[in-house]
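In case it helps, my numbering puts the sequence shown at residues 11 to 341.
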Amino acid sequence: MSKPKVYVTREIPERGLKIIKERFDVEVWPGYAPPSKEVMMKKIRDVDALASLLSDEIDAEVFDAASKLKIVAQLAVGFDNIDVKEATRRGIYVTNTPEVLTETTADFAWALLLSVARRVVEADKYVRTGRWRVGWHPGMLTGRDVYCATIGIVGAGRIGSAVARRARGFNMEILYCDIVPRVELEQELGAKRVDLDVLLRKSDFVTLHVPLINQTYHMMNEEKLRLMKKTAYLINNSRGAVIDEKALYCALKEGWIAGAGLDVFELEPTVTDNPLLKLDNIVVAPHISSSSYETRSRMAKIVADNLVAFFEKRVPPNLVNLEVLKRQKQS
Ligand code: GLV
């Protein structure tokens with residue numbers, strides 16, 4: 011019997027790719043950059059499965075081009091690049107890679123938070139560019155204390171909760187907002203659930219951990235940014251479009267807030283003339299929050315596990331669109 015055909019849109023870590031290559035008839039896009047949509051549409055014409063990344067736009071047009079496609083196994087927890095509704099309508103399974111990246115991503119939110127509050131990137135440039143001409147000065151590169159400050163976690167799901175647990179080590183007051191109460195956070199850490207406006211008014215550090223959906227698009231707009239303290243910092247390693255970048259630029263430039271740490275942008279890669287990059291009170295990274303060797307390897311393994319489960323006629327462990335199962339039963 012011939013093996014199912016799988017198209018993998020990038021060289022994913024060996025731990026997952028090896029399994030995929032053993033079990034399926036595989037083609038891997040060799041480029042560092044994603045294949046163009048046109049190329050991808052050609053490549054997937056007769057595949058049974060697609061292993062995708064969050065930088066691949068997977069919409070109805072792509073599904074039209076792949077009449078045999080049965081499953082999209084994404085290497086990421088977020089899947090806003092996939093038209094899941096359309097996939098479900100067509101009976102196509104969509105899977106993601108949750109949980110294994112939670113702690114690594116939470117670590118990186120903290121890396122951004124500490125870097126921007128204590129001006130680590132500015133300090134590094136200061137030393138390297140020869141501006142450190144006085145051994146010690148009481149006003150040199152002064153930052154803000156993190157310990158005992160108030161952290162506001164917007165979206166206290168898996169990653170938000172992991173960020174909150176780290177805040178305890180800094181003896182912080184923890185506020186969160188979420189559509190559902192997180193009882194363990196309240197019991198374990200004394201976290202308080204408040205509404206978004208209260209969180210923004212009270213927090214010294216606001217960190218975003220929500221998925222990008224219609225309700226969160228530009229959630230941090232001018233009105234919300236103006237609610238934050240002038241001494242507060244905004245951290246985002248969820249999705250860029252949760253923040254209105256133009257409003258954020260004004261907030262940072264005009265001092266409505268003190269600084270920001272961003273791992274994600276509205277457009278990725280962001281353009282080098284993005285005005286945000288001209289500012290000193292911002293620390294940026296190129297969407298690498300889950301990028302540790304261990305986690306990326308685990309993510310690739312999960313992609314493989316989801317594909318293997320599907321083709322063994324089991325429910326993939328990380329099925330995003332459970333409705334697809336109901337649809338199958340009905341047909
Ligand atoms: C990264 O942003 C992910 O969604 O895994």
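All C-beta atoms, glycine included, are put in the ideal place defined by N, C-alpha and C. Just so it is clear, the structure is predicted and the values come from calculations on it, not from any experiment.
Same chain, Cβ closer than 8 Å to residue i, five either side skipped, listed in chain order
i       : result
Leu-124 : Val-130, Val-156
Val-40  : The sequence shown places Pro at residue 40, not Val. Closer than 8 Å at Cβ, skipping near neighbours: Glu-21.
Spatially closest choice to residue i from the options, by CA coordinates
i       : options                            : result
Leu-289 : Cys-260, His-297, Val-173          : Cys-260
Leu-63  : Val-164, Ala-83, Ile-169, Arg-55   : Ala-83
Asn-91  : Asn-284, Ala-319, Leu-277          : Leu-277
Ala-174 : Thr-152, Glu-194, Ala-59           : Glu-194
Lys-234 : Gln-225, Ser-171, Ile-245, Asp-207 : Asp-207
Arg-192 : Ile-169, Asn-181, Arg-211, Phe-320 : Ile-169
Lys-15  : Ile-30, Asp-283, Gln-338           : Ile-30
Pro-44  : Val-57, Arg-55, Glu-21             : Glu-21
Phe-215 : Glu-196, Met-229, Glu-198, Met-238 : Met-238
Leu-244 : Val-325, Asp-74, Ile-161           : Ile-161
Ala-166 : Val-137, Asn-181, Arg-138, Lys-202 : Lys-202
His-297 : Val-281, Leu-199, Gly-250, Ala-270 : Gly-250
Leu-85  : Ala-75, Ser-65, Ser-12             : Ser-65
Nonlocal neighbours in the same chain, by C-beta distance under 7 Å from residue i, ignoring five residues either side
i       : result
Val-110 : Thr-305, Arg-308, Met-309, Ile-312
Thr-115 : Ile-169, Asn-247, Ser-299, Ser-300
Pro-327 : Asp-315, Asn-316, Ala-319
Glu-113 : Ala-172
Ala-257 : Asn-231, Glu-232, Leu-235
Residue i to residue j span [Cα, whole Å]
i       : j       : result
Pro-279 : Ile-184 : 32 Å
Ala-119 : Arg-154 : 17 Å
Val-104 : Trp-266 : 41 Å
Lys-135 : Leu-287 : 14 Å
Lys-240 : Ala-268 : 6 Å
Pro-108 : Val-144 : 48 Å
Ala-127 : Met-150 : 14 Å
Lys-212 : Pro-221 : 23 Å
Glu-48  : Glu-67  : 11 Å
Thr-98  : Glu-32  : 28 Å
Val-274 : Thr-217 : 13 Å
For residue i, three-class secondary structure by DSSP
i       : result
Leu-329 : strand
Tyr-157 : coil
Ile-184 : strand
Asn-231 : coil
Contacts around residue i, its chain only, beta-carbon distance under 6 Å, and the 5 residues preceding and following it disregarded
i       : result
Val-137 : none
Residues whose Cβ lies closer than 5 Å to any heavy atom of the ligand GLV, in chain order: Ala-86, Val-87, Gly-88
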